[in-house]
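One structure is given below, encoded as structure tokens.
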Amino acid sequence: MTYENEKVILTPNVTDLQLQLLEASKSGDVDVVKRVLTFNPSLVNCRDAQGRNSTPLHFAAGYN
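Each residue of the sequence shown is one higher than the one before, starting from 249 at the first, in my numbering.
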């Protein structure tokens with residue numbers, strides 16, 4: 249049963265979080281990086297599957 253004013257809390261899947269983390273690392277968005285890693289610290293070692301297999305640290309160092 250769903251009510252009009254009911255709020256739905258969604259948990260982002262790992263792929264979405266990885267993408268957010270990698271993009272935030274590229275753009276230097278430290279707040280997003282902190283938020284994603286606080287939510288799921290293991291993502292610090294995620295890899296860019298569509299590119300050079302880079303980590304968030306690679307992106308942060310290469311783009312900033």
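We put the beta carbon where it would ideally sit given N, CA and C, even for glycine.
Being a predicted model, the structure only gives us computed values, none of them experimental.
| Item | Value |
| --- | --- |
| Buried or exposed, going by whether 16 or more other CB atoms sit within 10 Å of the CB of Pro304? | buried |
| Am I right that Leu291 and Leu265 are in contact with their C-beta atoms under 8 Å? What's the rounded C-beta distance? | 6 Å |
| Indicate the three-state DSSP secondary structure (helix, strand or coil) for Thr286 in the structure shown. | helix |
| Report buried or exposed for Val278, applying the criterion of at least 16 other Cβ atoms within 10 angstroms of its Cβ. | exposed |
| Where does the unbroken alpha helix (DSSP H) through Leu305 begin, and where does it stop? | Pro304 to Tyr311 |
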